[in-house]
Every structure is written in C-alpha cells, then in structure tokens.
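Q: As they're listed, the protein sequences go chains A and B. The first sequence lines up with residues 4 to 148 when you count with the numbering used here. The second sequence lines up with residues 4 to 148 when you count with the numbering used here. Every residue, glycine too, gets a C-beta built ideally from N, C-alpha and C. First the structure, then my questions, so here it is.
2 protein chains.
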Amino acid sequence: MVMTMPTDEELAALGEVFDLFTRRYKLAEALGPEKPLNELDKQVLSYVARYPGCGPTDSARFLNVANTTISSATDRLVKRGLIERRRPEADRRAVALYLTAEGQDKVDRLLAMYGELHRRMLDPLSVAERRQLIGMMQKIIYHDP
Amino acid sequence: MVMTMPTDEELAALGEVFDLFTRRYKLAEALGPEKPLNELDKQVLSYVARYPGCGPTDSARFLNVANTTISSATDRLVKRGLIERRRPEADRRAVALYLTAEGQDKVDRLLAMYGELHRRMLDPLSVAERRQLIGMMQKIIYHDP
DNA sequence: GAAGATACACCGAACTTCGTACTATTCAAG
DNA sequence: CTTGAATAGTACGAAGTTCGGTGTATCTTC
C-alpha cells in the first residue's frame, strides 16, 4: 500500500507554521513605533489597496463581516487619514474607497514588514527549496476554488 | 549574478497563502453549527491542550497579551465548561489550567476541521510535492529562533 | 411616478482588551 | 520567626469593537 495521503502529524505542521506566523505578525507590529492598526482595519486597508474604488460592501463580503462593521472600520481609517470616501457620479448611493498618500505609505510599510518576515521564514531553506516552496504556494493560490 | 534571494513577488505568495487561510479558517468556523469561540479563547484553549497544568501567565507570555486579558479569556472558557482551574498544593498562589472532557472534545473537533482544511490546501499538489512541502514546514518550525 | 431594491450610515446593546488597584501566597534576609 | 519585597492571579472600570435593527438617499422597473 502506497502512502498517498499525509498523516495527521504531517498536516499538523501546516497548522504550526500558520500559528507561528500569526504570532510573529502580531509581535512585529507591536514592536513597531507606530500605533498598530486593528486586525480588521488592516485587512480593509489592504483590500482597498488591491481594489481601489471598491465599495464597503465588497470588502464586507470578502472579509465575511457585517456591513455596519465595515462602516465603522472605514470611519476609523478615514479619521486616521489613510483612506478617503468618494461619491461616484454614476451611482450616488454608493461610496468608492481610495487610499490617501499616507494610506499608500502605510500599506508600503506593512508590506515591507511582511516581506522581511517572509524572508526570515525562508532562512532555513536552501535556494532550491525556497523556489520549490514558492512554486507550491502559487499552485495553492491559483487553485483557489 | 546568480539569483539567490526570492523576489518581492515571490515572497508575496507566502502572504497570500497566509491571508487565504486566515479567511478560510474564519469562514469554516462561522459555518459550523456551534457558537464559535473568540480568536483569543481558541488560542488559549490550544495552549492549555498542549501544556496541561500551565498557568495563565504562561499563556499570556506566549500569546503576547496582558495577564488580565487571559484572566477574562479563562473565565469565559471555564464558564463554557471547556477548561478548569485548579490550585496546585505546591504553590497556592498559582492556578493550573486543564481541559475538561468537553474541552478536549472541542479541541479534537477544531483540529479535525483544520486537518480537513489543510488536506484541501494540499489538493493541487502531487504526492511528492506534498511531502516536500511538509518537510520544509518542519524545517521552518524547528529552526524557530 | 410608485413600489421595491440597493448602498450606506447611525444608534445602542453586548462583548473584548487592558491598566490600575487589590488579595493571597511565597521568598529572603535579618 | 517575622517582616518586607516579589510573585500569581483576580476585580473593576474605561475605551474600543462588532453587529442587528432602523433610517435615509438613490436607483430600477413596470
């Protein structure tokens, strides 16, 4: 009998890496000099960075939270000057969200920080392994059902 | 010049996988019939599962939150009947945390759910790739500085 | 042009986190 | 011993977060 399925212990390794990185992300942010953003707020910020002009409802669906919750998050981000609300002429009920210059800056810094963490995560791997790992990650992402 | 370092785009793949799984975890829990636990509460629960008899302060250090926050989380978990506090004779200031039978059950169900998610995550990979990926994850974990 | 659908925002209740202050116990000298 | 400092944890209250119900403005459709 050929061993085709991963054992539970092997699968657990994925969970551990995931946990490890959850804690590291959090720690890295706590260490930074700036007052750290809310978890949700960060996610909204990245969503807007990826989809400029999106509406609050889009990000609510994507992040799986109530619309009113996104409304609050948007308020906070606007108050901090990271994003702005615009009224599109096409549909004046809607709101279109955009990063401000400061918001773009914040996103850049966040991405740099994550990049650094990921780089360190890859430290114990050889160059060939790194390339393999990245390749598998891309397969996993693009397979997204 | 040999390409030894991953590019930013390659590194971003790690972040995307991470995000993808954050959302999936959340979604999977929201779908379950049971009232989902708080993020922190789940982490405390797993910590106690891994280190039975640990004190609240241990998990506070590990999870990087204030002691009082762990105290609240512990209250909630005790109230739901998932863990119990005991006074060790050795040091009667201390509290030792243990899973109840129901708590163990909850942990088992959570792990089963995560295992299933991880299994699906590995779907698009070949058997050889899976084994490689797991091996790299283990390297990353054991390298933990 | 009226009825219904859609996109949001406001409000208030319930919950979470955490700093301050407090209790109980142990440790360390003297 | 016993007294003073250190340690483990909890009670309480302030500030912040999430979300359901409700309200307003704007399309859409017939």
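Go ahead and pull the three-state DSSP assignment for B/A69.
A: Reduced to three states, the DSSP call for B/A69 is coil.
Q: Distance check for A/Y28 and B/E13, CA to CA, integer angstroms please.
A: Using only the alpha carbons, I get a separation of about 18 Å.
Q: Considering only DSSP beta bridges, list what A/I137 is partnered with.
A: Answer is none; A/I137 lacks a bridge partner.
Q: Tell whether a beta-carbon distance below 9 Å holds between B/L114 and B/G56.
A: Cβ distance not < 9 Å, so B/L114 and B/G56 don't count as in contact.
Q: Do A/M124 and A/F21 count as a contact pair if the criterion is CB distance below 9 Å?
A: Not in contact: A/F21 and A/M124 (Cβ atoms no closer than 9 Å).
Q: Under 9 Å, do A/G106 and A/V68 count as touching if we go by C-beta distance?
A: Cβ distance not < 9 Å, so A/G106 and A/V68 don't count as in contact.
Q: A/E19 versus chain B: which residues are under 7 Å apart at the beta carbon?
A: Those within 7 Å of A/E19 in chain B are I144.
Q: Span of the alpha helix (DSSP H) holding A/E105?
A: Start and end: 104 to 125.
Q: Please determine, among A/V98, A/V130, A/D94, A/E92, the residue with the shortest C-alpha to C-alpha distance to A/I86.
A: Taking only the C-alpha atoms, the option nearest A/I86 is A/V98.
Q: How is B/Y101 classed by DSSP in three states: helix, strand or coil?
A: Strand, per DSSP.
Q: Could you please give me the residues that DSSP links to A/G37 through a beta bridge?
A: The displayed chain sequence assigns Glu, not Gly, to residue 37 of chain A. The partner list for A/E37 (beta bridge, DSSP) is empty, contrary to what the question assumes.
Q: Let's test the definition: count the other Cβ atoms within 10 Å of the Cβ of A/P59 and tell me whether it reaches 16, buried, or not, exposed.
A: A/P59 comes out buried.
Q: Can you find at least 3 beta carbon pairs, one from the segment 63 to 78 of chain A and one from the segment 34 to 47 of chain A, that sit closer than 8 Å?
A: Taking 8 Å as the limit for Cβ pairs, the verdict is that the segment 34 to 47 of chain A does touch the segment 63 to 78 of chain A.
Q: Relative to the C-alpha of A/E37, which candidate in A/R89, A/P127, A/S129, A/M116 has its C-alpha closest?
A: Of A/R89, A/P127, A/S129, A/M116, the residue nearest in Cα terms is A/M116.
Q: Ends of the alpha helix (DSSP H) at B/R53?
A: From DSSP, the alpha helix (DSSP H) with B/R53 extends over 42 to 53.
Q: Going by C-alpha to C-alpha distance, which of A/G138, A/I143, A/A104 sits closest to A/G84?
A: Of A/G138, A/I143, A/A104, the residue nearest in Cα terms is A/A104.
Q: Does DSSP put A/R95 in a helix, in a strand, or in coil?
A: Coil.
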